[in-house]
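Heads up: the structure comes next, in structure tokens.
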Amino acid sequence: MRSRHHRTGDALARDRFRFSLSKLVWTQFFRRVCGSGLAGWTAVNARNAWAIVSICDALKFFGNLILCEKINDAQWSRPDIRRIGDGLMADAIAVTASGVFGGVASDTSASNVALSNATGATSRWIGFGAGGLFILLGFSPKLSAVLSIMPTPVMGAIIVFVASFMIVSSLQIILSSKPDTRKTFVIGIPLIFGLSLQAVPELYAQVVPWLRPLFGSALTLATVLAVMLNLLLRIGDGKPNEASFNHE
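So the sequence shown is residues 2 to 249, counted in the working numbering.
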């Protein structure tokens with residue numbers, strides 16, 4: 002009788018321990034995923050900042066994919082929306098997985114795309130090899146630290162070299178179709194605001210608090226303005242969409 006009571010008590014203790022352990026794991030999981038400041042995300046500024054960053058990141062990735070297509074196709078005239086859509090989905094999955102597992106958010110690099118344009122090295126096997134190398138470096142922090150050491154003059158020369166190709170390629174994409182008044186405003190006004198914010202940030206010191214996340218970065222401000230102007234200047238346009246892309 003006593004041994005039966007002992008077995009019953011052991012079973013109840015195991016069940017209780019299993020339940021507590023499961024509860025602890027899930028609690029830690031959601032705390033890791035959602036963060037410790039869940040209440041902060043109810044603020045309007047936090048939601049605005051998240052929306053702005055998401056839009057800018059998607060547009061940046063979109064532009065990098067277009068640049069990749071142009072580099073690999075000498076007869077390029079317009080983007081392949083289906084392939085770019087697949088790339089955006091892959092980027093969203095990677096960013097979501099990084100957040101769920103507590104990793105660092107991944108993103109494409111416009112400077113590396115420009116470097117591929119400069120060197121002509123666009124094979125996917127190079128990407129596979131570089132990805133494997135980064136995985137190995139993740140398990141070798143000291144080796145990563147050694148590779149990250151680079152003289153400042155060398156870094157400056159690389160930035161100038163890569164930025165030259167990036168700017169020229171971007172201008173070629175912008176001017177690939179005949180400019181009109183709408184496109185002039187969509188391109189010119191965001192550039193003016195972005196450059197002025199970078200050069201004289203004091204001009205925007207009196208911006209209302211809920212718009213301050215928008216003026217935190219020249220790139221963010223220019224991107225959001227370009228999107229809004231592109232939408233606003235299409236209102237009332239009864240002509241077929243000249244910027245529509247061929248899905249075939």
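Note that CB positions come from ideal geometry on N, CA and C, so glycine has one too. For clarity, every value in this text was computed on a predicted model and none was experimentally measured.
| Asked | Found |
| --- | --- |
| Helix, strand or coil: how does DSSP classify leucine 196 here? | helix |
| Evaluate the contact criterion for the segment 132 to 142 versus the segment 179 to 198: three or more CB pairs, one atom per stretch, below 8 Å. | no |
| For a test of the three-state rule: what should DSSP assign to isoleucine 150, helix, strand or coil? | coil |
| Using a Cβ-Cβ cutoff of less than 6 Å, which residues in the same chain neighbour alanine 231 once the five nearest sequence positions on both sides are dropped? | Here residue 231 turns out to be asparagine, not alanine, going by the sequence shown. Excluding residues within five positions, the ones whose Cβ falls inside 6 Å are Val187. |
| Quick one: using the 10 Å Cβ neighbour count with 16 as the cut-off for buried, is methionine 167 buried or exposed? | buried |
| State yes or no: is the C-beta of alanine 164 within less than 8 Å of the C-beta of phenylalanine 194? | no |
| Here's a check: name, in chain order, each residue in its chain whose Cβ is nearer than 8 Å to the Cβ of serine 171, leaving out the five neighbours to either side. | Gly64, Leu68 |
| Give me the Cα-Cα distance between glutamate 211 and serine 145, rounded to the nearest whole angstrom. | It should be noted that the sequence gives tryptophan, not glutamate, for residue 211. Near 40 Å, if we compare the C-alpha coordinates of serine 145 and tryptophan 211. |
| Is arginine 235 helix, strand or coil when you go by DSSP? | coil |
| Three or more C-beta pairs under 8 Å: does that hold for the segment 121 to 135 against the segment 78 to 93? | no |
| Might you give, ordered along the chain, the residues of its own chain that have their beta carbon closer than 7 Å to the beta carbon of valine 96, omitting 5 neighbours on each side? | Ala106, Ser107 |
| What is the DSSP secondary structure of alanine 75, reduced to helix, strand or coil? | coil |
| Measuring only the C-alpha atoms, how far is isoleucine 174 from alanine 111? | 14 Å |
| Among Asn73, Val209, Val101, Asn118, which has the Cα closest to the Cα of valine 169? | Asn118 |
| Would you decide whether proline 214 is buried or exposed? Buried here means 16 or more other CB atoms lie within 10 Å of its CB. | buried |
| Taking just the CA atoms, how far does alanine 93 sit from glycine 100? | 11 Å |
| Please report the straight-line C-alpha distance between leucine 60 and arginine 83, rounded to a whole angstrom. | 16 Å |
| On the premise that alanine 219 lies in contact with leucine 198, defined as a C-beta separation below 8 Å, what is that separation, rounded to the nearest angstrom? | 5 Å |
| Relative to the alpha-carbon of glycine 86, which residue among Phe62, Lys179, Asp74, Phe102 has its alpha-carbon at the smallest distance? | Phe62 |
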